[in-house]
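Which chain is which? The protein sequence lines are A and B, in order. So the first sequence is numbered by this note's numbering: it starts at 467 and just counts up by one. So the second sequence is numbered by this note's numbering: it starts at 63 and just counts up by one. These notes are about the structure you will find just below.
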Amino acid sequence: MNQRRGSSLLIRGGHVIDPAARIDAPMDVLLRDGRVADVAGPGQIKDGDSKFDARGLVVTPGFIDLHVHLREPGDSYKETIATGTAAAAAGGFTSVCSMPNTSPVVDTPEWINWLRDPERGAVVNVFPIAAATRGSKGVVLTDYRGLQRAGAVAVTDDGKPILEDDVMRESLRLAAEINLTVVQHAEDTRMTENCTMNESPTSFRLGLRGIKAAAESSIVDRDAQLAQQLGARMHVAHLSTADALKSVRRAKRARARVTCEVTPHHFTLTDADVRDYDANYKMNPPLRSEADREAILAALADGTVDAIATDHAPHAIHEKVMEFERANFGITGLETALGLAITKLHREHKIPLARIVELFTSGPARVLDLRGRGTLARGSYGDVTIFDPKKKWTFKAAESKSLSRNTPFDGWQLTGKVVATIVSGQQVYRAG
Amino acid sequence: MNKAVRGSLLGIETLTTDEILGFLNLARRMNPLKPRSLLRGKRVLLLFYEPSTRTRTSFEIAAKSMGAMTTLVLASGSSIEKGESLLDTAYTLRAVGADLIVIRHPHAGAPYLMSQHVDIPVVNAGDGMHEHPSQALLDAYTILRHKKTLKGLTVAIVGDIYHSRVARSAIHLLSKFNAKITLCGPPEFVPEIAATLAPGLHISRSAEEALRGCDVIMVLRVQQERLAGMKIRLQDYIARYQMTMTRLKLAKKDAIVMHPGPIIRGLELTWDVADCPQSAIVEEVHNGVPVRMAILAKALARAA
């Protein structure tokens, strides 16, 4: 997918937002040999074999999604690396971090190599996150050095928490030695057995067992303290509650290396939206209360949240159109993330576009220390996302590039649409 | 959005008071001892994923006494055991000629899901912790045999409300008639959130307070297997919440005691209370038949 050697692409006439370089101005961007060759004022760059007319559009570093389930190896009926990354490209993501809870679990360097093999057909960069414990069983740590050498950018047992205090402490200690981030799925599963949605008036009315906010916040609180004690990098996946945000804020004030991500569905929907037992509203962590959503919106605005991540979790129809309590957790999200961010965060809650771009670019790059990503600084990888922040469009699940259709946003009218996605100087998506 | 066929009964929550009274008035004209041919030629499928005595037999007798054919399908011994999905089971039953499906299911929302995918009425005979609408209707019917109206009654519901579909349906129904309802039990059984279910609900941790001056007492079964996982000791529960003759005296003189069954004597109520003149427990079971006749007739009979 690299740009042909010696060839160049000039993206001209656009408005560049690159928070890492503090740029928010009309600029032209030149990509050459798969890298950023130059960023300069309008009309100043005369180079470029081919040109992209970006007038009226926003040009940013390529988006990075820290949390994606590509389902390979094992569950290619839900998604493949090829289809998942195609959906990522359509959503403006030039890099995705794949979660290891596949079958089998990605817990060896060999599986990391397999994921990164060009034969998988990825159209955007795939950064594998490896299992933190063997088989993600939460008992024996995996080979962090070997996994990192093979290309794993973090470790996690996502889908499940690392529950035991001793195992989490050991995981953070070992990861800290090699500057690796431990990503925690914060859920005290001892409190959530048979629970399928947030504990709320709606869960009581529907007769569904409720997941308490404390199931998340108690784990985040413990891990933030451990990370602080050990000087380790700990990242909270799909944070969903106001209480967990308090722990993250406290840790950040104490200069602990604690970061967090939130999903578009958690800043858009609440538990009151779980109606008619529609499993497209069932995910883990669940949609939370309006108070939690408001806390998340505030944390997105004030800088507490480091990244927007989709937790793109494709499932086949037969795993979703069934009894709510038996249906799988998770929804797709790659293609609706930017539209929801602009519609909800920018237009409705007046969060500046530059902050939103930060949450998709330099923010996630910092979380996992992805060098040369998330910025258009000269010499960086030629990963670029170009979008129209004013374009109104309707998301149609049936036209999704993903193999799966499990989304609550089918038919939603959104503002803000990806126009083109460029990976290493090569265009991998262009809106039709 | 609801695509359920007319005649479906999925829950009490969405019914109007007129619709509820419609069922109750029709039930009064139903007499299982005088067989009628209202539903002659109709096929009623009883699909039970969970055990049931009262609900199953009374639906069956209700259907048969109006001339319908019934077929019972149990989860065990059917293709459900082989992994057939809920919707495929529904399509199968439709294909063999079902005119109506009565379904009991351990998961909340299963009847709703089924109703959105078949073109025949679906009647909820209890779904998980969600609703048990026919029970609430027969309870209302029973109350009206003793009280002039449902309007403004003072009702105490005592016991494990969190796990109870009977309680949820009863609360929805009585609240629509502006009953004053007190939910009584320990926090594990009656969480604060329960008060959000309907307007006019009050929570009490004292049986004495809840019972004082009430017209109707609804006692719920205590499931011992559920107590095990919780931090409640059985003896404490009995001491604080068991329905005894002494506690019953706190209610109005003409108060009635109800219980959806099965009852566990010596646990949620004493032997004496179960059999006392104010107990309507056996009468509830009896009234299940005409009320379920009304539900089936409304769904299937042309003239009902």
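Glycine included, C-beta positions come from ideal geometry on N, C-alpha and C. These figures come from a predicted structure and were not determined experimentally.
### Query
Just by C-beta distance, which residues in the region 252 to 269 of chain B are closer than 8 Å to chain A?
Pro-253, Ile-255, Ala-256, Thr-258 and Leu-259
### Query
Would you say B/Gly-190 faces chain A, with C-beta separation under 9 Å as the test?
For the purposes of this step, residue 190 of chain B is taken as residue 128 along the second sequence, with counting starting at 1. Interface residue, yes.
### Query
Quick one, are the C-beta atoms of B/Leu-149 and A/Met-788 less than 9 Å apart?
Within the second sequence, residue 149 of chain B is the residue found at index 87, counting from 1. Within the first sequence, residue 788 of chain A is the residue found at index 322, counting from 1. For B/Leu-149 and A/Met-788, yes; Cβs fall inside 9 Å.
#### Entry: Entirely enclosed beta strand (DSSP E) segments - the region 81 to 145 of chain B, minimum 3 residues
105 to 110 and 131 to 136
### Query
alpha helix (DSSP H) containing B/Glu-270: first to last residue?
The residue you call residue 270 of chain B lines up with position 208 of the second sequence. Per DSSP, B/Glu-270 belongs to the alpha helix (DSSP H) from 269 to 273.
### Query
Using a Cβ-Cβ distance under 9 Å, would B/Tyr-303 count as near chain A?
For the purposes of this step, residue 303 of chain B is taken as the residue at position 241 of the second sequence. Closer than 9 Å: no.
### Query
Between the region 735 to 752 of chain A and chain B, which residues of the former have a C-beta closer than 8 Å to a C-beta of the latter?
Asp-742 and Tyr-743
### Task
Using the Cα positions of B/Leu-155 and B/Leu-86, report the straight-line distance between them to the nearest angstrom.
Position 93 of the second sequence, counting from 1, holds the residue named residue 155 of chain B. Position 24 of the second sequence, counting from 1, holds the residue named residue 86 of chain B. Approximately 29 Å between the Cα atoms of the pair.
### Query
Going along the chain, which residues of its own chain have a beta-carbon closer than 6 Å to the beta-carbon of B/Leu-259, five neighbours each way excluded?
Numbered from its first residue, the second sequence carries residue 259 of chain B at position 197. Cβ neighbours of B/Leu-259 beyond the five flanking positions: Ile-233.
### Task
For A/Pro-667, decide whether its Cβ has a neighbour in chain B, counting only Cβ atoms nearer than 9 Å.
Taking the first residue of the first sequence as position 1, residue 667 of chain A is located at position 201. So, interface residue.
### Task
Could you have a look at B/His-169 and say whether DSSP puts it in helix, strand or coil?
In the second sequence, the residue the question calls residue 169 of chain B occupies position 107. Coil at B/His-169, not helix or strand.
### Query
Taking 9 Å as the CB-CB cut-off, is B/Arg-227 touching chain A?
Here residue 227 of chain B refers to the residue found at position 165 of the second sequence. B/Arg-227 counts as touching chain A.
### Message
Report the start-end ranges of each alpha helix (DSSP H) in the region 561 to 604 of chain A that is 4 residues or longer and not cut off at the edges.
### Response
When DSSP assignments are scanned along the region 561 to 604 of chain A, the uninterrupted stretches of alpha helix (DSSP H) that are 4 or more residues long and fall wholly within it turn out to be 575 to 582.
### Query
A/Arg-671 versus chain B: which residues are under 8 Å apart at the beta carbon?
On the first sequence, residue 671 of chain A is found 205 positions in, with the first residue counted as 1. Residues of chain B passing the Cβ test: Glu-75, Arg-230, Thr-258 and Leu-259.
### Message
Closer than 8 Å is the cut-off here; do at least three beta carbon pairs connect the region 808 to 825 of chain A with the region 558 to 575 of chain A?
### Response
no
### Task
Below 6 Å CB to CB, which residues in the same chain sit around B/Ala-366 once its five sequence neighbours on both sides are set aside?
Taking the first residue of the second sequence as 1, we reach residue 366 of chain B at position 304. Because B/Ala-366 carries a pLDDT of 49, less than 50, the predicted location of this residue cannot be relied on, and the following value inherits that uncertainty. Cβ neighbours of B/Ala-366 beyond the five flanking positions: Ala-359 and Lys-360.
### Query
Under 9 Å between the Cβ atoms of A/Val-589 and A/Ala-554?
Along the first sequence, read from residue 1 onward, the residue named residue 589 of chain A stands at position 123. Along the first sequence, read from residue 1 onward, the residue named residue 554 of chain A stands at position 88. Taking 9 Å as the Cβ cut-off, A/Val-589 and A/Ala-554 qualify as a contacting pair.
### Task
Return the Cβ separation of A/Thr-599 and A/Ile-628 in integer angstroms, given the expectation that the two are a contact with Cβ distance under 8 Å.
Sequence index remark: in the first sequence, residue 599 of chain A carries index 133 (1-based). Sequence index remark: in the first sequence, residue 628 of chain A carries index 162 (1-based). A/Thr-599 to A/Ile-628, Cβ: 7 Å. Contact.
### Query
Straight-line CA distance for A/Lys-856 to A/Gly-882?
Here residue 856 of chain A is taken as the residue at index 390 of the first sequence, counted from 1. Here residue 882 of chain A is taken as the residue at index 416 of the first sequence, counted from 1. So the alpha carbons of these two residues sit roughly 5 Å apart.
#### Entry: Cutoff 8 Å; reference A/Asn-645; Cβ partners in own chain excluding five residues on either side
Counting from 1 along the first sequence, the entry for residue 645 of chain A is found at position 179. Once the five neighbours on either side are set aside, the close Cβ partners of A/Asn-645 are Arg-699 and Asp-835.
### Task
Report all residues from its chain with a CB closer than 8 Å to the CB of A/Gln-469; omit the five preceding and five following residues, and keep chain order.
Here residue 469 of chain A refers to the residue found at position 3 of the first sequence. Excluding residues within five positions, the ones whose Cβ falls inside 8 Å are Leu-475, Leu-497, Arg-498, Asp-499, Gly-500, Gly-848, Ser-890, Gly-891 and Gln-892.
### Task
List the endpoints of the continuous alpha helix (DSSP H) containing B/Met-320.
The residue labelled residue 320 of chain B in the question sits at position 258 within the second sequence. Note, B/Met-320: premise wrong, no alpha helix (DSSP H); beta strand (DSSP E) at 318 to 320.
### Query
What separation, rounded to the nearest whole angstrom, lies between the Cα atoms of B/Pro-195 and B/Thr-244?
Residue numbering aside, residue 195 of chain B sits at position 133 when the second sequence is read from its first letter. Residue numbering aside, residue 244 of chain B sits at position 182 when the second sequence is read from its first letter. When rounded, the distance between both Cα atoms is 20 Å.
### Query
If you run the structure through DSSP and keep just helix, strand and coil, what is A/Val-606?
Here the question's residue 606 of chain A lines up with position 140 in the first sequence. Reduced to three states, the DSSP call for A/Val-606 is coil.
### Query
Who pairs with B/Ile-343 in a beta bridge, going by DSSP?
One-based indexing of the second sequence puts residue 343 of chain B at position 281. For B/Ile-343, DSSP assigns no beta-bridge partner whatsoever.
#### Entry: Rounded Cβ spacing between B/Ile-279 and B/Ala-218 (contact assumed at less than 8 Å)
Position 217 of the second sequence holds residue 279 of chain B. Position 156 of the second sequence holds residue 218 of chain B. Going by Cβ atoms, the distance from B/Ile-279 to B/Ala-218 rounds to 5 Å, so yes, they are a contact pair.
### Message
By the three-class DSSP mapping on this structure, what secondary structure does B/Met-355 have?
### Response
For this step, residue 355 of chain B is matched to residue 293 along the second sequence. Three-state result, B/Met-355: helix.
### Task
Flag A/Gly-676 as yes if its beta-carbon sits less than 9 Å from any beta-carbon of chain B, otherwise no.
Counting from 1 along the first sequence, the entry for residue 676 of chain A is found at position 210. For A/Gly-676, the answer is yes, since a Cβ of chain B falls inside 9 Å of its Cβ.
### Neighbour list for A/Met-657 in chain B, Cβ cutoff strictly below 8 Å
Start at 1 with the first residue of the first sequence, and residue 657 of chain A comes out as number 191. Residues of chain B passing the Cβ test: none, with the nearest at roughly 12 Å.
### Query
For the putative contact between A/Ala-556 and A/Glu-801, defined by C-beta atoms under 8 Å, what is the C-beta separation to the nearest angstrom?
Translated into the one-based positions of the first sequence, residue 556 of chain A becomes position 90. Translated into the one-based positions of the first sequence, residue 801 of chain A becomes position 335. The pair is a contact, with the Cβ atoms about 5 Å apart (cut-off 8 Å).
### Query
Rounded to a whole number of angstroms, what is the C-alpha to C-alpha distance between B/Ile-300 and B/Glu-75?
The sequence position of residue 300 of chain B within the second sequence is 238, counting from 1. The sequence position of residue 75 of chain B within the second sequence is 13, counting from 1. C-alpha separation (whole angstroms): 31 Å.
### Query
Which partner residues of A/Gly-676 appear in the DSSP bridge assignment?
Here residue 676 of chain A refers to the residue found at position 210 of the first sequence. Answer is A/Met-663, bridged to A/Gly-676.
### Query
Quick one: Cα of B/Tyr-224 to Cα of A/Leu-674, how far?
For this step, residue 224 of chain B is matched to residue 162 along the second sequence. For this step, residue 674 of chain A is matched to residue 208 along the first sequence. Distance between the alpha carbons of B/Tyr-224 and A/Leu-674 is about 10 Å.
### Query
Looking at the unbroken beta strand (DSSP E) that takes in A/Phe-899, where does it start and where does it end?
In this structure chain A extends from 467 to 898, so residue 899 of chain A is not present and cannot be described.
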